[in-house]
Amino acid sequence: MTGPSSGPGRRVILPVRGMQGEDCAARVSAALERLKGVERAEVDLPSRTVAVDFRPLPGRLEVKHLRRAVERAGYDVLGQSETRAQAESLSLLAQQEEQRRLMTRLQVCLVLWVPLLLARRLSLSPYTALLIAVPLLAWGGRHFHEGLARAARRRRADLDALVSLSACAMFACGAYAVAFPETLPPSGRAPLWGPLGGLLALSTLGRWLEARTRGKAGEAVVTLMRRAPKTARVVRDGAERLLPVCEVLPGDLLRVRRGEQIAVDGTVVSGRSKVDESLVTGDGPSVEKAPGSRVWGGTLNKDGALEVRAALAGEGSALARLVAAVRGSQAVKRPRPRDADGFAAWLLPAA
Numbered sequence: 001m002t003g004p005s006s007g008p009g010r011r012v013i014l015p016v017r018g019m020q021g022e023d024c025a026a027r028v029s030a031a032l033e034r035l036k037g038v039e040r041a042e043v044d045l046p047s048r049t050v051a052v053d054f055r056p057l058p059g060r061l062e063v064k065h066l067r068r069a070v071e072r073a074g075y076d077v078l079g080q081s082e083t084r085a086q087a088e089s090l091s092l093l094a095q096q097e098e099q100r101r102l103m104t105r106l107q108v109c110l111v112l113w114v115p116l117l118l119a120r121r122l123s124l125s126p127y128t129a130l131l132i133a134v135p136l137l138a139w140g141g142r143h144f145h146e147g148l149a150r151a152a153r154r155r156r157a158d159l160d161a162l163v164s165l166s167a168c169a170m171f172a173c174g175a176y177a178v179a180f181p182e183t184l185p186p187s188g189r190a191p192l193w194g195p196l197g198g199l200l201a202l203s204t205l206g207r208w209l210e211a212r213t214r215g216k217a218g219e220a221v222v223t224l225m226r227r228a229p230k231t232a233r234v235v236r237d238g239a240e241r242l243l244p245v246c247e248v249l250p251g252d253l254l255r256v257r258r259g260e261q262i263a264v265d266g267t268v269v270s271g272r273s274k275v276d277e278s279l280v281t282g283d284g285p286s287v288e289k290a291p292g293s294r295v296w297g298g299t300l301n302k303d304g305a306l307e308v309r310a311a312l313a314g315e316g317s318a319l320a321r322l323v324a325a326v327r328g329s330q331a332v333k334r335p336r337p338r339d340a341d342g343f344a345a346w347l348l349p350a351a
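Structure follows, in structure tokens:
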């Protein structure tokens, strides 16, 4: 939503924790666009970031108001940045921490699940099994219970809420069977400790695999961005200037010394050298370059000096397109996708 403002437009990128699917992305985007002065909010789900274009209104619309809107929607804002690369780095650190936390909880679930599966062989008393099930539910399933709390704040059920309530129902039934077995028929006196452990362990495993896959894509993007050149030697009006890559224009003449990265895509004007193109093409051997040869931004000049006429820079360069392809690799949808959270939203009350 756009509102009147005397100030210039601004863009800020917020790394957001807790978004799991398209439903979450739509909710965050809607919460931001309801603010007066926000022109657009674009969520990049693979990197868990949201880019917000807005016109600041002193005291009424500042970055802190954007963060509050996201937090009221039930998600955590990890920081703020003017560049996507920095925001993605913050998001990647949070995703790596999430992977470690999920692996720890998965290991706890497995350690506690095994004796519950073997309770009869180990001759465990019903009360011993109940004591083992308490930390299994409370700590092993904590991330699902936290998801249930977030879903309650959003007033919309999701997959975390379904797993949490299912696990709590199993535990409640099992605890009742242990405490008051005489009130139940013989067929209903067996506690559901095995299914409880299986539900938490397998659901946690699925969540960890999802976080690991998402983290690998994020690491690839951050690695590419870190290896991308930041400056270029540009010849303008007969003088050589060291400029940020974002200021290089198509048609500029660039000088690339031995051991330096070629800043942008272009064509060699003079000089001969071998260029390492592995960052862009993945091929190991260096390629001989001479006047008229095409070169790519991000590649490494290994031998002699080159003069390059810039052709494409910024978002149009091969390296930028490669980064965009890696970002979008997890955003590809099937022709008829099924959102698990949306499925849970109607399954939960029915169950």
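Taking the working numbering, the leading residue of the sequence shown gets 1, the next gets one more, and so forth.
For each residue, glycine too, the CB sits at the ideal point set by N, CA and C.
Give the DSSP-derived three-state secondary structure of Asp160 in the structure shown. Indexing the sequence shown from 1 puts residue 160 at position 160. In the three-state reduction of the DSSP assignment, Asp160 falls in the helix class, which pools H, G and I.
Residues sharing a beta bridge with Gln261, DSSP: In the sequence shown, the residue the question calls residue 261 occupies position 261. Leu300, per the DSSP bridge assignment.
With 16 other Cβ atoms within 10 Å as the buried cut-off, status of Asp44: Counting from one through the sequence shown, the residue named residue 44 turns up at place 44. Buried.
Starting from the N-terminal side, write out each stretch of the beta strand (DSSP E) that is 3 residues or longer and does not extend beyond the segment 191-270. Taking 3 residues as the minimum length, the beta strand (DSSP E) runs contained wholly in the segment 191-270 are 231-236, 239-244, 253-256 and 265-270, in order along the chain.
Select from Ala175, Ser317 and Lys274 the residue whose C-alpha is nearest the C-alpha of Thr305. Counting from 1 along the sequence shown, the entry for residue 305 is found at position 305. For the sequence presented, residue 305 should be read as Ala rather than Thr. That would be Lys274, whose Cα lies nearest to the Cα of Ala305.
Counting pairs of beta carbons, one from the segment 79-95 and one from the segment 117-135, are three or more of them closer than 8 Å? No contact exists between the segment 79-95 and the segment 117-135.
Residues bridged to Ala51 (per DSSP): By one-based count along the sequence shown, residue 51 stands at place 51. Ala51 is bridged to Ile13 and Glu42.
Assign Glu433 to one of three DSSP states: helix, strand, or coil. The structure shown has nothing for residue 433, since the chain only spans 1 to 351.
Is the separation between the beta-carbon of Ala311 and that of Asp265 shorter than 7 Å? As a first step, residue 311 must be located in the sequence shown, where it is residue number 311. As a first step, residue 265 must be located in the sequence shown, where it is residue number 265. Yes, the Cβ-Cβ distance between Ala311 and Asp265 is below 7 Å.
Between the Cα of Phe144 and those of Arg241, Leu202 and Val287, spot the shortest distance and give me the residue it belongs to. One-based indexing of the sequence shown puts residue 144 at position 144. Just measuring C-alpha positions, the residue of Arg241, Leu202 and Val287 sitting nearest Phe144 is Leu202.
For a test of the three-state rule: what should DSSP assign to Leu165, helix, strand or coil? As a position in the sequence shown, residue 165 is number 165, starting the count at 1. For Leu165, the secondary structure class from DSSP, reduced to helix, strand or coil, is helix.
Candidates Glu260, Pro244 and Met225, of which the one nearest Ala87 by Cα: Working through the sequence shown from its first residue, we reach residue 87 at position 87. Answer by Cα proximity: Met225.
Can you check which of these residues, Leu131, Ser317, Ala25 and Leu209, is closest to Val245 by C-alpha distance? Within the sequence shown, residue 245 is the residue found at index 245, counting from 1. When each option's Cα is compared against that of Val245, the closest is Ser317.
Nearest-angstrom Cβ-Cβ length linking Ala94 and Val28, presumed shorter than 8 Å: Against the sequence shown, residue 94 aligns to sequence position 94. Against the sequence shown, residue 28 aligns to sequence position 28. Actually they are not in contact, since the Cβ atoms of Ala94 and Val28 sit about 15 Å apart, beyond 8 Å.
Out of Ala31, Leu61, Val295 and Ile262, which one is the CA nearest neighbour of Ala359? As shown, the chain starts at 1 and ends at 351. That puts residue 359 outside it, with no answer to give.
First and last residue of the uninterrupted alpha helix (DSSP H) at Ser273: Taking the sequence shown and counting its residues from 1, one reaches residue 273 at position 273. Where Ser273 is concerned, there is no enclosing alpha helix (DSSP H), although the beta strand (DSSP E) it sits in stretches over Ser273 to Asp276.
Neighbourhood of Glu71 by C-beta, 8 Å cutoff - its chain only, sequence neighbours within 5 removed: Here residue 71 refers to the residue found at position 71 when the sequence shown is read from its first residue. The residues are Val77.
Give me the Cα-Cα distance between Leu131 and Phe180, rounded to the nearest whole angstrom. Taking the first residue of the sequence shown as position 1, residue 131 is located at position 131. Taking the first residue of the sequence shown as position 1, residue 180 is located at position 180. Approximately 16 Å between the Cα atoms of the pair.
Among Leu92, Arg154 and Trp113, nearest to Pro135 - alpha-carbon criterion: Stepping through the sequence shown from its first residue, residue 135 is reached at position 135. Closest option to Pro135, Cα to Cα, is Trp113.
Arg67, DSSP secondary structure in three states: Residue numbering aside, residue 67 sits at position 67 when the sequence shown is read from its first letter. Looking at Arg67 - three-state DSSP - the assignment turns out to be helix.
Taking the alpha carbon of Ala169 as the point to measure from, which residue in Ala133, Glu182, Arg150 and Ala152 has its own alpha carbon closest? Sequence index remark: in the sequence shown, residue 169 carries index 169 (1-based). Nearest C-alpha to Ala169: Ala133.
Quickly, what does DSSP pair Leu306 with across the bridge? List them, please. As a first step, residue 306 is located in the sequence shown; it is residue number 306 there, counting from the start. For Leu306, the pairing in a beta bridge is given by DSSP as Val256.
Alpha carbon to alpha carbon, how far is Arg371 from Arg17? Residue coverage of the chain in this structure runs from 1 to 351, which leaves residue 371 outside it and unanswerable.
Grab me the residues of Val108's own chain with a C-beta within less than 7 Å of its C-beta, minus the 5 sequence neighbours each way, in chain order. In the sequence shown, the residue the question calls residue 108 occupies position 108. Answer for Val108: Trp139 and Gly140, listed in chain order.
Backbone CA spacing between Met1 and Glu22 [nearest angstrom]: Your numbering for residue 1 matches position 1 in the sequence shown. Your numbering for residue 22 matches position 22 in the sequence shown. Residue placement at Met1 is poorly supported in this model, since its pLDDT is 47, which falls under 50; the coordinates are not used for a value here.
Just to confirm the assignment: which complete alpha helix (DSSP H) runs, minimum length 4, are found wholly within the segment 112-162? The DSSP assignment places complete alpha helix (DSSP H) segments of no fewer than 4 residues inside the segment 112-162 at 126-135 and 142-154, in order along the chain.
Beta carbon of Ala69 nearer than 7 Å to that of Leu32: On the sequence shown, residue 69 is found 69 positions in, with the first residue counted as 1. On the sequence shown, residue 32 is found 32 positions in, with the first residue counted as 1. Yes; because the gap between Cβ atoms is below 7 Å, this pair is in contact.
Lys333 burial status per 10 Å Cβ neighbour count (16 or more: buried): Position 333 of the sequence shown holds residue 333. The pLDDT assigned to Lys333 is 44, lower than 50, so where the model puts this residue is not dependable, and the model offers no usable value.
Using the Cα positions of Leu196 and Ala167, report the straight-line distance between them to the nearest angstrom. Along the sequence shown, read from residue 1 onward, the residue named residue 196 stands at position 196. Along the sequence shown, read from residue 1 onward, the residue named residue 167 stands at position 167. C-alpha separation (whole angstroms): 6 Å.
Straight-line Cα distance separating Gly259 from Asp303: The residue you call residue 303 lines up with position 303 of the sequence shown. The residue you call residue 259 lines up with position 259 of the sequence shown. The straight-line gap from Cα to Cα measures roughly 7 Å.
Where does the unbroken beta strand (DSSP E) through Glu288 begin, and where does it stop? Sequence index remark: in the sequence shown, residue 288 carries index 288 (1-based). Looking at the DSSP string, the run of the beta strand (DSSP E) that includes Glu288 is Val287 to Lys289.
Candidates Arg55, Leu106 and Leu243, of which the one nearest Trp208 by Cα: Residue numbering aside, residue 208 sits at position 208 when the sequence shown is read from its first letter. With distances taken between Cα atoms, Trp208 lies closest to Leu106.
Taking only the alpha-carbon atoms, compute the straight-line gap between Pro291 and Arg40 and give it to the nearest angstrom. By one-based count along the sequence shown, residue 291 stands at place 291. By one-based count along the sequence shown, residue 40 stands at place 40. In this structure, the CA atom of Pro291 is about 45 Å from the CA atom of Arg40.
So, helix, strand or coil for Leu312, using DSSP? Translated into positions along the sequence shown, residue 312 becomes position 312. It is a strand residue.
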